[in-house]
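Visitor: This is the structure I want to talk about, given as structure tokens.
2 protein chains.
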Amino acid sequence: MVRGKLNKSKAALRAMVIKSLAHPSRVLLVDALGGGEMCVCDLTEVVGSDISTVSKHLAVLKSAGLVSVEKRGLNQFYRLNCLCLADFFRCVDSINQQQSRTLQKACIG
Amino acid sequence: MVRGKLNKSKAALRAMVIKSLAHPSRVLLVDALGGGEMCVCDLTEVVGSDISTVSKHLAVLKSAGLVSVEKRGLNQFYRLNCLCLADFFRCVDSINQQQSRTLQKACIG
DNA sequence: GCAGTATTTGGTTATTTGCGAAAATATACC
DNA sequence: GGTATATTTTCGCAAATAACCAAATACTGC
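Now the structure itself:
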């Protein structure tokens, strides 16, 4: 974690990337793109929102540097830029599992 | 990443945890807590905001399951619940590095 | 050029978030 | 009990976010 070396501007950079993933639809998008590049119309079906909404979510991911785009014909094909997101989500999932265990203990005994 | 197995409610759970880290101050807090437990008053100096603001940020981290609290005397001592955040931030930092390289190429070369 | 498809952008509205000040709560000490 | 310290909660407000619709843009093929 490189403790203590973290100033505010570096924290802001980190937060910007994290923020770009802090929405259910964008989590779904990144997960879907883990299987390879996809066009907006197909991603729209994955998310189930209006295509303009999905397009904006993709723009957020792009400006954070998580995905890149290539236009071929009428379609914009989005793909993941980073391979490390698997670890990222593994950590997130482990927190959720731990949290649900903790809540169970607290409620049920 | 367990592709394709991600439904909306699991994505929402992930997003909730990610969201709790999606703020510069909360990134700073988690980084500081990487060095061991700290009380709110000390964390307030790290972040440099009003103590009520810091308290609220800590509450967000707590409800997401990232930290836990123990009261001793007048102080509330917060500590990290999960060890995996190092990987998490490593991934985030690598995205930022890659992104800044990409932007440099686009602007300068 | 015109029609058709894919995507982005702009406008509007509703909701959420973040902040500090002030009030409330909890504990320690005399 | 009364005062001091540490923390959380409440309140009001400003700013950011997210959703959809409609309009604009970009490309393809006739």
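Going down the list, the protein sequences come from chains A and G.
Counting with my numbering, you get residues 1 to 109 for the letters of the first sequence.
Counting with my numbering, you get residues 1001 to 1109 for the letters of the second sequence.
Note that the Cβ used here is the ideal one computed from N, Cα and C, for glycine as well.
A quick note: this is a predicted structure, and the numbers were derived from the prediction, not measured.
Just mark A:ASN81 as buried or exposed, buried being the case when its beta carbon has 16 or more other beta carbons within 10 Å.
Guide: By 1-based counting over the first sequence, the position of residue 81 of chain A is 81. A:ASN81 should be labelled buried.
Visitor: Can you tell me whether A:ASN81 is helix, strand or coil according to DSSP?
Guide: Numbered from 1 along the first sequence, position 81 holds the residue referred to as residue 81 of chain A. Coil.
Visitor: Quick one: what does DSSP say A:LYS5 is sitting in, helix, strand or coil?
Guide: Residue 5 of chain A sits at position 5 when you count from the first residue of the first sequence. Coil at A:LYS5, not helix or strand.
Visitor: Would you please verify whether the beta carbon of A:ASP42 is less than 8 Å from any beta carbon of chain G?
Guide: Here residue 42 of chain A refers to the residue found at position 42 when the first sequence is read from its first residue. Cβ-Cβ to chain G under 8 Å: no for A:ASP42.
Visitor: Please classify G:SER1100 as buried or exposed, where buried requires at least 16 other C-beta atoms within 10 Å of its C-beta.
Guide: What you label residue 1100 of chain G is simply residue 100 of the second sequence in a count that begins at 1. The residue in question, G:SER1100, is exposed, as its Cβ has fewer than 16 Cβ neighbours within 10 Å.
Visitor: Flag G:ARG1014 as yes if its beta-carbon sits less than 8 Å from any beta-carbon of chain A, otherwise no.
Guide: To locate residue 1014 of chain G, count along the second sequence from 1; it is residue 14. Yes, because at least one Cβ of chain A sits closer than 8 Å to the Cβ of G:ARG1014.
Visitor: Cβ of G:ALA1011 within 8 Å of Cβ of A:LEU13?
Guide: Taking the second sequence and counting its residues from 1, the one referred to as residue 1011 of chain G is at position 11. Taking the first sequence and counting its residues from 1, the one referred to as residue 13 of chain A is at position 13. No.
Visitor: Taking the C-alpha atoms as reference points, what is the distance between A:VAL47 and A:ILE18?
Guide: Your numbering for residue 47 of chain A matches position 47 in the first sequence. Your numbering for residue 18 of chain A matches position 18 in the first sequence. Going from the Cα of A:VAL47 to the Cα of A:ILE18 covers about 20 Å.
Visitor: Is the CB of A:HIS57 under 8 Å away from at least one CB in chain G?
Guide: As a working note, residue 57 of chain A is residue 57 in the first sequence. Chain G contact via Cβ: absent.
Visitor: Any idea what DSSP makes of A:SER94, helix, strand or coil?
Guide: Translated into the one-based positions of the first sequence, residue 94 of chain A becomes position 94. A:SER94: helix per DSSP, three-state reduction.
Visitor: Enumerate in chain order the residues of its own chain whose CB-to-CB distance from G:SER1114 is below 8 Å, with the five nearest sequence positions on each side excluded.
Guide: It is not possible to answer for residue 1114 of chain G, since the shown part of chain G is limited to 1001 through 1109.
Visitor: Does DSSP put A:SER49 in a helix, in a strand, or in coil?
Guide: The residue labelled residue 49 of chain A in the question sits at position 49 within the first sequence. In this structure, A:SER49 counts as coil in the three-state DSSP scheme.
Visitor: Just to confirm my understanding: we take A:VAL2, look at its own chain, exclude 5 residues before and 5 after, and list those with CB closer than 6 Å. What are they?
Guide: Position 2 of the first sequence, counting from 1, holds the residue named residue 2 of chain A. Bear in mind that a pLDDT of 44 at A:VAL2, under 50, signals an unreliable position, so the model cannot answer this.
Visitor: My guess is that G:PHE1077 and G:CYS1039 are in contact by the Cβ rule of under 8 Å, so how many angstroms apart are they, rounded?
Guide: For the purposes of this step, residue 1077 of chain G is taken as residue 77 along the second sequence, with counting starting at 1. For the purposes of this step, residue 1039 of chain G is taken as residue 39 along the second sequence, with counting starting at 1. About 5 Å separates the two Cβ atoms, so the contact holds.
Visitor: Alpha carbon to alpha carbon, what distance is there between A:LEU43 and A:ASN75?
Guide: Here residue 75 of chain A corresponds to residue number 75 of the first sequence, with the count starting at 1. Here residue 43 of chain A corresponds to residue number 43 of the first sequence, with the count starting at 1. Near 12 Å, if we compare the C-alpha coordinates of A:LEU43 and A:ASN75.
Visitor: Identify every residue that forms a DSSP beta bridge with G:VAL1067.
Guide: Residue mapping note: residue 1067 of chain G aligns to position 67 of the second sequence, counting from 1. G:LEU1080.
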